[in-house]
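Undergrad:
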Amino acid sequence: MSDSNTGGGANSAVAVAEKAEETAPIDIEALERETDIAADYIEGLLDIADFDGDIDMDVEGDRPLVSVVGVTIKELVGERGEVLEALQELTRLAVHRVTGTRSRLMLDIGGYRESRRKVLRKLGAEVAREVKRTGKPKKLTPMTPFERKVVHDAVAAAGLHSESEGEEPNRCVVVYPVD
0 MSDSNTGGGA
10 NSAVAVAEKA
20 EETAPIDIEA
30 LERETDIAAD
40 YIEGLLDIAD
50 FDGDIDMDVE
60 GDRPLVSVVG
70 VTIKELVGER
80 GEVLEALQEL
90 TRLAVHRVTG
100 TRSRLMLDIG
110 GYRESRRKVL
120 RKLGAEVARE
130 VKRTGKPKKL
140 TPMTPFERKV
150 VHDAVAAAGL
160 HSESEGEEPN
170 RCVVVYPVD
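The sequence shown stops at residue 178 when you use numbering that gives the first Met the number 0, and every number in between is there.
(1) In three-state DSSP terms, what is A14?
(2) Determine the contact status of L83 and L92, defining contact as a CB-CB distance below 8 Å.
(3) I'd like the span of the beta strand (DSSP E) that includes P141, first residue to last.
(4) If we call anything under 8 Å between Cβ atoms a contact, is L159 one with A127?
(5) Assuming M174 and P136 make a contact with CB atoms under 8 Å, what is their CB distance in whole Å?
(6) Output needed for K18: all residues of its chain with C-beta closer than 6 Å, excluding positions within five of it in sequence on either side, in chain order.
(7) With E31 and V58 assumed to form a contact (beta carbons below 8 Å), what rounded beta-carbon distance in angstroms separates them?
(8) Over the uninterrupted beta strand (DSSP E) stretch that includes D55, give me the two end residues.
(9) To which residues of the same chain is E33 closer than 7 Å at the C-beta, ignoring the five residues directly before and after it?
(10) Can you tell me which of the three DSSP states V177 falls into?
(11) Going by beta-carbon coordinates alone, are E146 and L119 separated by less than 8 Å?
The following block contains the structure:
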């Protein structure tokens, strides 16, 4: 998945495929099926690990969303959300195994993603103001794909351009002034 505001080079094919996904009609039944599969998978993991938590399922736009609520489980979030990212990928693989299609499922545990989203939106807006004021690009610290996407969206909302640079796990957002 490309997480830059612009596509180019090798990423252009990915950007074209993602654009086609964005314009395709949303199949709510398929997305609800993905949430059911993912919820069952996560519930099984919670049972194995002997963790408590309720599962909420929803569809936001064109993405299935599964949240473990009622408890903050630090072991399942990890430092900077690394364990949560890994669990999300495993859950997407479990959905893919059943459906045969790639899932864009979002997993949240204990409200971690929502609280990070608020912090990152604020960061993106602050950096955009700084770049507008100084006229100089600003490179941020490495972030997860989820975090970069939130920052890219905040920067775009402020009318600036941003790109992701580097290789995982050191990939980061660079915010550029308007030409």
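Note that beta-carbon positions come from the ideal geometry of N, C-alpha and C, so glycine has one too.
TA: Answer, in terms of the structure:
(1) Here residue 14 is taken as the residue at index 15 of the sequence shown, counted from 1. Only weak support is given to the placement of A14: the predicted model assigns it a pLDDT of 43, under 50, and the question is left unresolved by the model.
(2) Translated into positions along the sequence shown, residue 83 becomes position 84. Translated into positions along the sequence shown, residue 92 becomes position 93. Taking 8 Å as the Cβ cut-off, L83 and L92 do not qualify as a contacting pair.
(3) Here residue 141 refers to the residue found at position 142 when the sequence shown is read from its first residue. It spans K137 to P141 - the beta strand (DSSP E) in which P141 sits, taken as one unbroken run.
(4) Position 160 of the sequence shown holds residue 159. Position 128 of the sequence shown holds residue 127. Yes; because the gap between Cβ atoms is below 8 Å, this pair is in contact.
(5) As a working mapping, residue 174 is identified with position 175 in the sequence shown. As a working mapping, residue 136 is identified with position 137 in the sequence shown. Sequence check: residue 174 is Val here, not Met. Sure, about 6 Å apart at Cβ, within 8 Å.
(6) Taking the sequence shown and counting its residues from 1, the one referred to as residue 18 is at position 19. Its pLDDT being 49, under 50, K18 is placed unreliably in this model, and the coordinates cannot settle the point.
(7) Within the sequence shown, residue 31 is the residue found at index 32, counting from 1. Within the sequence shown, residue 58 is the residue found at index 59, counting from 1. That pair is a contact at about 6 Å.
(8) Start at 1 with the first residue of the sequence shown, and residue 55 comes out as number 56. From DSSP, the beta strand (DSSP E) with D55 extends over D53 to E59.
(9) Along the sequence shown, read from residue 1 onward, the residue named residue 33 stands at position 34. Excluding sequence neighbours, E33 sits near P63, V94, T98, S102 and L104.
(10) Sequence index remark: in the sequence shown, residue 177 carries index 178 (1-based). Coil, per DSSP.
(11) Residue mapping note: residue 146 aligns to position 147 of the sequence shown, counting from 1. Residue mapping note: residue 119 aligns to position 120 of the sequence shown, counting from 1. With respect to the 8 Å criterion, E146 and L119 are classified as neighbours on the basis of their beta carbons.
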